[in-house]
Amino acid sequence: MLKQGFLFAIRLFVGGLFIFSGLIKVNDPVGTAIKLEEYFDVFSNDIASFFYLFKEIALPLAVVLVVAEVVLGIMLILGVKLRFTVWSLSILIVFFTFLTFYSAYFNKVTDCGCFGDAIKLTPWESFIKDIILLILIGVLFVFRKDLSNKEKAWAQWTVRISLVLSVALAITAIRNLPFIDFRAYKEGVDITKAMQPSEQLQYNYVMKKGGEEFIFDQYPSDESYEFVEMKLVNEEALPKISDFSVWNADGEYTETLLTGKKALVLVTNMSKLNTSNLDKIDEMIAGIKETDITPVLIAASSEDEIEWLISSRGWEIEGFQGDATVIKTIMRSNPGIMLLDDGVVVKKYHFRNTPSSTEVKELYSK
Numbered sequence: 234m235l236k237q238g239f240l241f242a243i244r245l246f247v248g249g250l251f252i253f254s255g256l257i258k259v260n261d262p263v264g265t266a267i268k269l270e271e272y273f274d275v276f277s278n279d280i281a282s283f284f285y286l287f288k289e290i291a292l293p294l295a296v297v298l299v300v301a302e303v304v305l306g307i308m309l310i311l312g313v314k315l316r317f318t319v320w321s322l323s324i325l326i327v328f329f330t331f332l333t334f335y336s337a338y339f340n341k342v343t344d345c346g347c348f349g350d351a352i353k354l355t356p357w358e359s360f361i362k363d364i365i366l367l368i369l370i371g372v373l374f375v376f377r378k379d380l381s382n383k384e385k386a387w388a389q390w391t392v393r394i395s396l397v398l399s400v401a402l403a404i405t406a407i408r409n410l411p412f413i414d415f416r417a418y419k420e421g422v423d424i425t426k427a428m429q430p431s432e433q434l435q436y437n438y439v440m441k442k443g444g445e446e447f448i449f450d451q452y453p454s455d456e457s458y459e460f461v462e463m464k465l466v467n468e469e470a471l472p473k474i475s476d477f478s479v480w481n482a483d484g485e486y487t488e489t490l491l492t493g494k495k496a497l498v499l500v501t502n503m504s505k506l507n508t509s510n511l512d513k514i515d516e517m518i519a520g521i522k523e524t525d526i527t528p529v530l531i532a533a534s535s536e537d538e539i540e541w542l543i544s545s546r547g548w549e550i551e552g553f554q555g556d557a558t559v560i561k562t563i564m565r566s567n568p569g570i571m572l573l574d575d576g577v578v579v580k581k582y583h584f585r586n587t588p589s590s591t592e593v594k595e596l597y598s599k
């Protein structure tokens with residue numbers, strides 16, 4: 234009886250953690266796909282070149298992984314096909330542990346995306362978390378024959394419904410934008426303020442003298458101390474946004490972009506640009522040109538590609554270059570639209586939900 238209670242407690246903890254992690258990522262499967270692409274890039278360079286081929290199927294793989302986390306977590310708690318569930322979770326956790334170890338040890342992918350953008354863990358924190366889960370799932374694996382397989386019909390139906398709902402939510406998030414935006418560029422954020430520390434940064438200075446280490450909150454004037462390192466004390470005060478920048482051949486235009494009313498058309502990858510709704514973007518740009526709202530194109534592409542897109546669509550707007558990772562962080566759509574008002578994110582749109590010029594003007598008039 235004691236053993237069954239102990240095993241059930243493990244099932245609740247592990248299952249709950251997988252459900253929580255999976256639901257956060259079901260909210261943003263494109264973000265998980267981007268993280269997988271980062272891993273495939275690293276593996277193709279460090280392990281074997283064929284990993285590069287997996288980048289083309291990163292999104293469906295992401296959907297499978299995030300839905301599996303949710304459904305397997307529910308199956309574990311409700312006791313549905315427990316032996317199959319434990320086997321499946323064992324395979325998943327071995328895979329995740331390898332990824333987080335690789336990230337931590339080789340410092341390749343500094344954010345595993347274990348909890349999406351909602352909770353940021355360092356690579357070593359992610360690895361320790363997976364080691365704990367590996368041990369707990371290992372216990373369930375060892376005692377898998379002792380796990381009860383008395384399934385109830387309602388539990389089986391709950392699993393089926395959770396599978397359908399998880400897939401539906403993931404597809405909806407892909408075809409639109411995440412339901413909940415945990416990123417630094419969510420609606421309402423003042424990008425200009427987010428690029429500044431929330432308070433003055435404070436540092437400790439580690440010095441050495443006579444073989445001993447000393448820590449000062451101000452750099453010592455005594456020149457007999459040897460400088461070792463400088464440590465940031467209040468990391469929580471660091472800017473939430475540190476890499477936002479746009480430029481062209483004439484220089485950087487970040488400050489200009491964050492002034493006034495701007496309708497940004499964001500392109501993460503010109504070769505994978507979805508053209509199905511470009512006509513709606515055409516109409517939106519044409520309808521706001523004679524207003525105080527300035528349409529701008531920002532793309533992670535060459536200047537020639539940017540000029541080609543602008544001229545081919547007859548937009549007659551300014552175009553700037555941006556970092557691909559930053560644009561992917563801002564927008565989970567290629568292309569996508571972000572409306573700014575003096576650097577404040579007013580609204581973001583998937584290309585399938587491109588607003589009309591009337592909608593854009595109404596938003597700014599509020």
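Position one of the sequence shown corresponds to residue 234 (my numbering), numbered consecutively onward.
For each residue, glycine too, the CB sits at the ideal point set by N, CA and C.
Treat the numbers as computed from the prediction; the structure is a model and nothing was measured.
Roughly how far, in whole angstroms, is the beta-carbon of residue i from the beta-carbon of residue j, given that I think they are within contact range, below 8 Å?
{"i": "V578", "j": "G421", "result": "6 Å"}
{"i": "N481", "j": "F553", "result": "5 Å"}
{"i": "I550", "j": "L530", "result": "6 Å"}
{"i": "A403", "j": "V300", "result": "6 Å"}
{"i": "A427", "j": "I474", "result": "4 Å"}
{"i": "L240", "j": "L373", "result": "7 Å"}
{"i": "N567", "j": "N507", "result": "6 Å"}
{"i": "T209", "j": "K495", "result": "Nothing in the structure corresponds to residue 209, since the chain is present only between 234 and 599."}
{"i": "Y436", "j": "V466", "result": "6 Å"}
{"i": "M564", "j": "L491", "result": "Not confirmed; about 16 Å, so no contact."}
How far does the alpha helix (DSSP H) with residue i in it extend, from its first residue to its last?
{"i": "N510", "result": "Segment: none, N510 is in no alpha helix (DSSP H) and carries neither H nor E."}
{"i": "A496", "result": "Per DSSP, A496 belongs to no alpha helix (DSSP H); it is in the beta strand (DSSP E), 494 to 500."}
{"i": "M503", "result": "Premise fails: M503 is in no alpha helix (DSSP H) and is neither H nor E."}
{"i": "Y597", "result": "590 to 598"}
{"i": "V397", "result": "386 to 408"}
{"i": "V304", "result": "291 to 311"}
{"i": "S545", "result": "536 to 546"}
{"i": "A266", "result": "262 to 279"}
{"i": "T558", "result": "557 to 563"}
{"i": "Q237", "result": "235 to 259"}
Short of 7 Å in beta carbon distance, which residues of its chain neighbour residue i, apart from the five on each side in sequence? Order them along the chain.
{"i": "A470", "result": "P430, S431, E432, L434"}
{"i": "G346", "result": "G264, T265, K268"}
{"i": "I618", "result": "The first residue shown for the chain is 234 and the last is 599, placing residue 618 beyond what the model contains."}
{"i": "V593", "result": "A496, M517, I521, I526, L572"}
{"i": "S323", "result": "I370, F374"}
Assuming residue i is part of the beta strand (DSSP E), what are its boundary residues?
{"i": "E462", "result": "459 to 465"}
{"i": "G569", "result": "569 to 574"}
{"i": "I448", "result": "445 to 449"}
{"i": "V578", "result": "577 to 583"}
From residue i to residue j, what does the alpha carbon distance come to, in whole angstroms?
{"i": "W541", "j": "M517", "result": "19 Å"}
{"i": "L250", "j": "G306", "result": "8 Å"}
{"i": "Y418", "j": "D261", "result": "14 Å"}
{"i": "E523", "j": "T343", "result": "45 Å"}
{"i": "I370", "j": "F331", "result": "15 Å"}
{"i": "F460", "j": "K441", "result": "6 Å"}
{"i": "V400", "j": "V296", "result": "7 Å"}
{"i": "E358", "j": "F339", "result": "14 Å"}
{"i": "K362", "j": "D515", "result": "48 Å"}
{"i": "Y582", "j": "N409", "result": "8 Å"}
{"i": "W548", "j": "G493", "result": "20 Å"}
{"i": "K505", "j": "G444", "result": "58 Å"}
{"i": "F276", "j": "F284", "result": "6 Å"}
{"i": "L380", "j": "L298", "result": "25 Å"}
{"i": "V259", "j": "S478", "result": "29 Å"}
{"i": "F328", "j": "L256", "result": "19 Å"}
{"i": "A557", "j": "S535", "result": "11 Å"}
{"i": "L570", "j": "A386", "result": "With the sequence shown as reference, residue 570 is identified as Ile, and Leu is not the correct amino acid for it. Roughly 46 Å separates the two Cα atoms."}
{"i": "T355", "j": "G576", "result": "29 Å"}
{"i": "G248", "j": "F415", "result": "23 Å"}
{"i": "F584", "j": "D274", "result": "27 Å"}
For residue i, collect the residues of the same chain with a Cβ closer than 6 Å to its Cβ; drop the 5 residues on either side in sequence, then sort them by chain order.
{"i": "D476", "result": "V559"}
{"i": "G484", "result": "none"}
{"i": "L292", "result": "A266"}
{"i": "F360", "result": "T333, F334, A337"}
{"i": "L396", "result": "V304"}
{"i": "E384", "result": "V313"}
{"i": "Y438", "result": "F449, Y452, M463"}
Tell me, which residues are paired with residue i by DSSP?
{"i": "N340", "result": "Paired residues: none, contrary to the question."}
{"i": "L530", "result": "V498, G552"}
{"i": "Y438", "result": "F449, M463"}
{"i": "I364", "result": "Bridge partners of I364: none, in fact."}
{"i": "N481", "result": "G484"}
{"i": "D423", "result": "V577"}
{"i": "I352", "result": "F348"}
Please tell me whether, using a cut-off of 7 Å, the distance from the CB of residue i to the nearest non-hydrogen atom of the ligand NAD is below it.
{"i": "T355", "result": "Summarising the ligand content, the structure contains no ligands, and the ligand NAD is consequently not present."}
Below 8 Å CB to CB, which residues in the same chain sit around residue i once its five sequence neighbours on both sides are set aside?
{"i": "I280", "result": "none"}
{"i": "L367", "result": "I326, V327, T330"}
{"i": "V319", "result": "L309, I370, L373, F374, R377, L380"}
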